[in-house]
Amino acid sequence: NAGVTQTPKFQVLKTGQSMTLQCAQDMNHEYMSWYRQDPGMGLRLIHYSVGAGITDQGEVPNGYNVSRSTTEDFPLRLLSAAPSQTSVYFCASSYNGAGRGADTQYFGPGTRLTVL
Amino acid sequence: GENVEQHPSTLSVQEGDSAVIKCTYSDSASNYFPWYKQELGKGPQLIIDIRSNVGEKKDQRIAVTLNKTAKHFSLHITETQPEDSAVYFCAASRDNYGQNFVFGPGTRLSVLP
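Sequences listed follow chains Y and U, in order. Just so you know, we're using my numbering here: the first sequence kicks off at 205 and counts up by one. Just so you know, we're using my numbering here: the second sequence kicks off at 318 and counts up by one.
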């Protein structure tokens with residue numbers, strides 16, 4: 205298993221540009237999520253999905269969009285990049301979906317995004 | 318909503334000594350508490366977790382304790398080694414549906430040889 209993969213590893217954008225961060229997992233996990241990590245603030249949840257076709261907002265969803273058309277993929281879209289979105293983005297997945305209790309989350313290697 | 322505090326923010330210990338990191342949470346309904354280790358340039362990796370029906374859990378040199386009444390839990394690493402140097406995050410989750418975790422701000426542990 206490759207686990208959780210993320211592309212790209214690094215990205216530089218100009219203010220106002222849009223882009224999609226890719227996330228894929230090959231563990232047949234129901235639950236997938238996106239976090240951003242900023243210095244001194246831990247990880248903050250952006251959006252999550254408990255299964256294909258189901259997504260919901262986390263703590264800091266503004267400026268981001270997600271969709272989940274397959275179990276494997278969970279892309280994160282930046283609609284109009286802003287300097288405040290400069291961060292490291294992590295995708296995570298876990299086996300349990302709805303109503304079966306919290307479970308181990310497996311994280312991808314991250315995407316380091318800089319918005320100029 | 319849930320708030321997780323973590324102390325200390327940095328910790329330096331001599332190789333072979335023990336390290337303790339403490340977290341407090343605010344939501345008494347939280348029932349799952351994982352600890353993650355993050356090495357430079359990598360994603361967080363689960364090292365141990367505990368559920369609210371257990372007071373202590375051990376895995377070799379790592380242990381976690383939970384005090385539900387006081388709403389705090391701690392990570393204990395014994396016989397520290399240089400490869401234990403990393404950033405450690407605690408988290409709390411109460412949401413059986415969405416598994417929404419709230420993370421602490423992290424502790425940078427340095428093990429000095």
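Note that beta-carbon positions come from the ideal geometry of N, C-alpha and C, so glycine has one too.
Beta strand (DSSP E) segment containing residue i, residue limits
i: Asp307(Y); result: Run containing Asp307(Y): none; DSSP gives neither H nor E here.
i: Thr209(Y); result: Val208 to Thr211
i: Thr424(U); result: Thr424 to Leu429
i: Arg411(U); result: Neither: Arg411(U) is in no beta strand (DSSP E) and is coded neither H nor E.
i: Tyr268(Y); result: Tyr268 to Val270
i: Ala380(U); result: Ile379 to Asn384
i: Ser391(U); result: His389 to Ile394
Contact list for residue i against chain Y, beta-carbon separation under 8 Å
i: Gly422(U); result: In the sequence on display, residue 422(U) carries Pro and not Gly. By Cβ distance, chain Y contributes Gly244, Met245 and Gly246.
Residues that residue i bridges to, as DSSP identifies them
i: Tyr252(Y); result: Ser237(Y) and Asp260(Y)
i: Arg316(Y); result: Phe214(Y) and Val292(Y)
i: Thr224(Y); result: Arg281(Y)
i: Asp230(Y); result: Asp230(Y) is not bridged to any residue.
i: Ser369(U); result: Bridge partners of Ser369(U): none, in fact.
i: Asp376(U); result: Ile379(U)
i: Ser297(Y); result: Met236(Y) and Tyr310(Y)
i: Glu322(U); result: Thr341(U)
i: Lys354(U); result: Gln362(U) and Tyr405(U)
Chain-ordered neighbours of residue i on chain Y, where CB pairs are closer than 7 Å
i: Gly360(U); result: Phe294, Phe311, Gly312, Pro313 and Gly314
Contacts of residue i in chain U (Cβ-Cβ under 8 Å)
i: Thr308(Y); result: Pro351, Leu363 and Asp366
Chain-ordered neighbours of residue i on chain U, where CB pairs are closer than 7 Å
i: Asp262(Y); result: Just to set this straight, residue 262(Y) is Gly in the shown sequence, not Asp. Those are Asn417, listed as they occur along chain U.
i: Ala280(Y); result: First, the amino acid is wrong: residue 280(Y) is Leu here, not Ala. Within chain U, no residue comes near Leu280(Y); the closest Cβ sits about 15 Å away, beyond 7 Å.
i: Leu317(Y); result: Those do not exist, as Leu317(Y) stays about 15 Å from chain U at its closest Cβ, beyond 7 Å.
Contacts that residue i makes with chain Y (C-beta to C-beta distance below 9 Å)
i: Phe390(U); result: What Phe390(U) touches in chain Y: nothing, since even the nearest Cβ is about 14 Å away.
Under 9 Å by beta carbon: chain U residues contacting residue i
i: Leu225(Y); result: Under the 9 Å cutoff, chain U gives no residues; its nearest Cβ is about 13 Å from Leu225(Y).
i: Leu217(Y); result: Here the premise fails: no neighbours, minimum Cβ distance about 21 Å.
i: Leu283(Y); result: Those do not exist, as Leu283(Y) stays about 23 Å from chain U at its closest Cβ, beyond 9 Å.
Q) Taking the runs of the beta strand (DSSP E) that are 3 residues or longer, which of them lie wholly in the region 325–350 of chain U? A) 327–331 and 336–342
Q. Touch check for the region 268–281 of chain Y and the region 223–233 of chain Y: three-plus C-beta pairs under 8 Å?
A. yes
Q | Sufficient close CB pairs (3 or more, under 8 Å) joining the region 292–299 of chain Y to the region 326–338 of chain U | A | Contact between the region 292–299 of chain Y and the region 326–338 of chain U is absent: fewer than three C-beta pairs spanning the two stretches fall below 8 Å.
Q) So, do the region 231–248 of chain Y and the region 256–267 of chain Y have three or more beta carbon pairs nearer to each other than 8 Å? A) yes
Q) Is the region 387–395 of chain U in contact with the region 339–351 of chain U, if contact means three or more CB pairs nearer than 8 Å? A) yes
Q.
I'd like to know if the region 311–320 of chain Y and the region 207–220 of chain Y are in contact, where contact means that at least 3 CB-CB pairs between them fall below 8 Å.
A. yes
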